[in-house]
Amino acid sequence: MASILPFRGIFYNREKIKELPWVLAPPYDIISSEAQERYYEMSPYNVIRLILEKKFPGDNEANNRYTRSAQFFQEWLEEEILIRDDSPAIYLLEQEYELRSDMFGEMAPKGKGKIIKRRGFIALTRLEDFSKGIVRPHEGTMAEPKRDRLNLIRACRANFSQIFTTYEDPENRIDRLWEEKKNESPLIDLSNEENIRHRLWRIDDQKSLNWIVEGMRDKKLFIADGHHRYESALEYRNELRKNNPRHSSQESYNYVMSYFVNMKNGGLEILPTHRAIRNFEGFDEKRLIAEAGEYFDIKMLNNLKELLSQMKDEKAKHRIGMYVGGSEFYLLSLKDERITKELIKGRAEIFCELDVVILHTLIIEKVLKIFPESQQSITYSEKINEMVRKVRNGSHCVAFFLRPVKVSEFKAVVEAGEIMPKKSTFFYPKLLSGLVINKIE
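Last residue of the sequence shown: 583 in our numbering, with the numbers rising by one and none dropped.
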């Protein structure tokens, strides 16, 4: 089963970097071009230069965003902007935040939200082919992002952020270490721009390290976030393995830095990712509503607030929101669960019952004729108001709003060996890139 190892983490040198939040950033794939520029301006040592360096018109094979990232990384190590732990360790990470927004982003007053602590640990995990069933994905991937991350790992030979994985441990064996550490001063204690508190402790005594390693030995891992980076790390391992006549399977390229969270400790939050369809020739609002009406009962509502209120009714299954412009919003309620199962025969029942699968199967593919190979015309966001704006400004013709996938559904789908449509989940909060770095020897 899962094989994990401690490692010598690389950190920003606090003697040279006084304001740690100024040099960290979220994962590369949720950073807009505007946010990229903002992180650049925050500090000349912001991790954005490592995870998402800028492109320039004169870039070539010898000088490009990946080679520059590698150069920054090497220079920062030489200048001791980044420093490496002397001995291998595993790092406990606690993220504490106030969940002020509900499943659709409606905000509660400050101080009135739900306080949540998500606890996990950071270590290396052995890269395993998905066919072995030890590490399991839940979302599909795209070729271009994998190519991008592969180029970065080739150039830098490092992991700048963790693969987010979950595992199941009803006995909370590893979580018991928190009781020993909670009264100790953390190695890192910071709050980022979203006011999420991150606290990190180093575990380097052999007894505790053995406890964690042995405790994970019978576990299966479920990838929550980082599918593209995981598959790129697999490809990089395969390249080096092929070119190394002395390959022993113990080399550091056989492992990837990961973050591990017990699904049973109550800190996992999944937010929905909504969809908006870019304008295309031939889009007909009336035809969309008429054809969707074959599968859904459609109710017109006067405003977004009313729509979201009805979508929150958990007793009502399979409700999807839709907006095509103007002041009206539409609530779509599936008429018959059997429809999806008949259209995608041979798939697990839990997969067919996901709202995101129902949306893609019955509307995006069957009505709009947008199939997986052409789904670059879909824009994704966890922010409903952003989706509404895209329709109102004319760049997109229709937006769809989803309820979140439950943790129990996530687990059941993965165990069934199914792959959800991409961007089906948004695990919150995201991990900070640059908090801990792993160098591949």
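Ideal Cβ placement from N, Cα and C applies to all residues, glycine included. What you are looking at is a predicted structure, and each value in this text was computed from that prediction instead of being measured.
Which word fits Pro279, buried or exposed, when buried means at least 16 other C-beta atoms lie within 10 angstroms of its C-beta? buried
Thinking C-alpha only, which one of Asp367, Phe215, Gln518 and Tyr187 is nearest Arg299? Phe215
How far does the alpha helix (DSSP H) with Phe493 in it reach, from first residue to last? Glu491 to Cys494
Option in Ser229, Phe364, Pro312 and Glu240 with minimal Cα separation from Glu281: Phe364
Where in the stretch 440-506 do unbroken runs of the beta strand (DSSP E), each at least 3 residues long, occur, reported from the N-terminal end onward? 461-465 and 471-476
Where Ser374 falls: helix, strand or coil (DSSP): helix
So, is Phe422 buried or exposed, given that buried needs 16 or more other C-beta atoms within 10 angstroms? exposed
Assuming Asp227 contacts Gly151 (C-beta within less than 8 angstroms), just tell me the rounded distance between them. 5 angstroms
Assigned exposure category for Lys487 - 16 Cβ within 10 Å defines buried: exposed
Thinking just about the alpha-carbon of each residue, which of Met405, Ser394 and Ser303 is nearest to the one in Phe149? Ser394
Using only CA atoms, which one of Ser550, Gln392 and Pro414 lies nearest to Ile582? Gln392
According to DSSP, what are the bridge partners of Tyr154? Leu224
Thr209, DSSP secondary structure in three states: helix
Who does Ile305 pair with in a DSSP beta bridge? Ser400
Residue span of the beta strand (DSSP E) that contains Lys637, given as start and end: With the chain running from 143 to 583 in the structure shown, residue 637 is simply not present.
Around the Cβ of Ala541, are there at least 16 other Cβ atoms within 10 angstroms (buried) or fewer (exposed)? buried
Do the stretch 545-562 and the stretch 479-499 make contact, defined as three or more Cβ pairs closer than 8 angstroms? yes
Distance between His538 and Lys532 (C-alpha atoms, nearest Å): 5 angstroms
Tell me which same chain residues have a C-beta within less than 6 angstroms of the C-beta of Ala366, skipping the five on either side of it? Phe306, Thr308 and Phe569
Cβ pair Gly262, Phe153 closer than 8 angstroms: no
Distance check for Ile462 and Leu476, CA to CA, integer angstroms please. 8 angstroms
First through last residue of the beta strand (DSSP E) which encompasses Tyr233: Ile232 to Leu241
Against chain B, with Cβ distances strictly below 8 angstroms, would Leu166 count as a contact? Here chain B cannot be found, since the structure has a single protein chain.
Using a 10 Å radius around the Cβ and a threshold of 16 neighbouring Cβ atoms, would you call Arg545 buried or exposed? buried
Of the residues Phe543, Asp317 and Gln178, the one placed nearest Lys406, counting alpha carbons only: Asp317
Determine the direct distance from the alpha carbon of Tyr378 to that of His389, and round the result to whole angstroms. 14 angstroms
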